[in-house]
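Notes for the one structure printed next.
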Amino acid sequence: MGSEKISMIVFSGTDDRLIPVGVITQAAAALGYEVNIFVTGWALMKVLRKPTQPTWPKEFEQMVPALQQGMARIKAPSWVDMVKQGKQLGNVKVYACSMMAEAMGLKKEDFDPSIVDDVVGVTTFLEVAKGGQVLFI
Amino acid sequence: MTQGSKVTVDARGIACPGPITELIKAYRNAKNGDLIEVWATDPGFESDLKAWINRTGNQLVELRRDQDKIVAVVKVTAKR
Chain A
1 MGSEKISMIV
11 FSGTDDRLIP
21 VGVITQAAAA
31 LGYEVNIFVT
41 GWALMKVLRK
51 PTQPTWPKEF
61 EQMVPALQQG
71 MARIKAPSWV
81 DMVKQGKQLG
91 NVKVYACSMM
101 AEAMGLKKED
111 FDPSIVDDVV
121 GVTTFLEVAK
131 GGQVLFI
Chain B
1001 MTQGSKVTVD
1011 ARGIACPGPI
1021 TELIKAYRNA
1031 KNGDLIEVWA
1041 TDPGFESDLK
1051 AWINRTGNQL
1061 VELRRDQDKI
1071 VAVVKVTAKR
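Taken in sequence, the protein lines are chains A and B.
For the first sequence, my numbering assigns the number 1 to the initial residue and increments by one for each residue that follows.
For the second sequence, my numbering assigns the number 1001 to the initial residue and increments by one for each residue that follows.
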């Protein structure tokens, strides 16, 4: 069971895509999967000590209040809390992309240390993800 | 196998992957022979539980609907 792993390249910064990152991470960690998350693109802004405000895709904007109410009703934790729960339950590593971090002027200390384990290059991610499933989100 | 203890996990009102997570937390503290009873309302729980049973090889003793909740009883048999 310990050899199973799932890795994600998380690029999108909108909450509709980050929620499944949390759900998959928590469940996979609970089941004993190794989980590797490579955060790049706009998603980098969501793992900062001071993350940007949640955003949603324009075409679904009208449905967002209903979704948020529904998430509260079913007591769904935030995607970040699900990732943190995954870290408590199992082997979850979150890496920030060094290239995008450089491009956006972000230093290692700008990232929330309760989420991000390290700032690494893509070679590191490819090595840790090798042989397992990879999702691009 | 000796008679184990029984714990009840109330996962009603919490959504996927909450119920299976709560079951796994209880499972980690359990030993072979123990029973874990789970109450859940998430509609995905029934199939998720069956998938977990398949994956782990523990025993599903009971699975029923009780009014608005799903009640599952798992016998822990696959701990190493």
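Glycine is no exception: its CB is placed at the ideal position from the N, C-alpha and C atoms.
Spatial distance of residue i from residue j (CA atoms)
| i | j | result |
| --- | --- | --- |
| Glu-127 (chain A) | Asn-91 (chain A) | 16 Å |
| Arg-1080 (chain B) | Ser-1005 (chain B) | 17 Å |
| Ile-6 (chain A) | Leu-1035 (chain B) | 30 Å |
| Val-1038 (chain B) | Phe-1045 (chain B) | 10 Å |
| Lys-50 (chain A) | Phe-111 (chain A) | 8 Å |
| Gly-1053 (chain B) | Ser-114 (chain A) | For the record, residue 1053 (chain B) in the displayed sequence is Ile; it is not Gly. Their Cα atoms are separated by approximately 32 Å. |
| Val-119 (chain A) | Glu-109 (chain A) | 10 Å |
| Asp-1042 (chain B) | Glu-102 (chain A) | 42 Å |
| Ala-1030 (chain B) | Pro-77 (chain A) | 26 Å |
| Val-1071 (chain B) | Ala-1040 (chain B) | 7 Å |
| Ser-98 (chain A) | Val-80 (chain A) | 20 Å |
| Ile-1014 (chain B) | Leu-1023 (chain B) | 12 Å |
Nearest residue (CA-CA) to residue i, options the options
| i | options | result |
| --- | --- | --- |
| Ala-1078 (chain B) | B:Arg-1064, B:Gly-1057 and B:Asp-1066 | B:Gly-1057 |
| Val-35 (chain A) | A:Gly-105, A:Gln-26, A:Gln-62 and A:Trp-42 | A:Gln-26 |
| Val-94 (chain A) | A:Gln-62, A:Ala-66, A:Ala-129 and A:Arg-73 | A:Ala-129 |
| Phe-11 (chain A) | A:Ala-66, A:Gly-132 and A:Pro-20 | A:Pro-20 |
| Arg-17 (chain A) | A:Trp-42, A:Leu-89, A:Lys-108 and A:Ser-3 | A:Trp-42 |
| Thr-1021 (chain B) | A:Ala-76, A:Tyr-33 and A:Leu-89 | A:Leu-89 |
| Ala-29 (chain A) | A:Val-83, A:Gln-68 and A:Leu-135 | A:Val-83 |
| Lys-87 (chain A) | A:Ile-24, A:Ile-137, A:Val-134 and A:Met-71 | A:Ile-24 |
| Trp-38 (chain A) | A:Val-47, A:Asp-15 and A:Ile-74 | According to the sequence as given, residue 38 (chain A) is Phe; it is not Trp. Selected option, being the one with the closest Cα: A:Val-47. |
| Cys-1016 (chain B) | B:Gln-1003, B:Gly-1033 and B:Ser-1047 | B:Ser-1047 |
| Tyr-33 (chain A) | A:Glu-61, A:Ser-98, A:Ser-3 and A:Lys-58 | A:Ser-3 |
Proximal residues of chain A, C-beta to C-beta of residue i below 9 Å
| i | result |
| --- | --- |
| Ile-1036 (chain B) | Within chain A, no residue comes near Ile-1036 (chain B); the closest Cβ sits about 14 Å away, beyond 9 Å. |
Chain-ordered neighbours of residue i on chain B, where CB pairs are closer than 9 Å
| i | result |
| --- | --- |
| Lys-75 (chain A) | Gly-1013, Ile-1014, Ala-1015 and Gly-1018 |
Contacts of residue i in chain A (Cβ-Cβ under 7 Å)
| i | result |
| --- | --- |
| Ile-1053 (chain B) | Neighbours of Ile-1053 (chain B) on chain A: none; closest Cβ ~12 Å, over 7 Å. |
Contact set between residue i and chain B, taken where Cβ atoms lie within less than 8 Å
| i | result |
| --- | --- |
| Val-23 (chain A) | Cys-1016 and Pro-1017 |
| Ala-66 (chain A) | None at all; the shortest Cβ gap to chain B is about 15 Å. |
Within chain A, the residues that residue i reaches when beta carbons sit closer than 8 Å
| i | result |
| --- | --- |
| Ile-1024 (chain B) | Ala-30, Leu-31 and Leu-89 |
| Thr-1021 (chain B) | Gln-26, Ala-27, Ala-30, Gln-85 and Leu-89 |
Which residues, taken in chain order from the region 8 to 33 of chain A, show a beta carbon closer than 8 Å to some beta carbon of chain B?
Val-23, Gln-26, Ala-27, Ala-30 and Leu-31
Within the region 41 to 106 of chain A, ranges of the alpha helix (DSSP H) (whole runs, at least 4 residues):
64 to 73, 79 to 89 and 98 to 103
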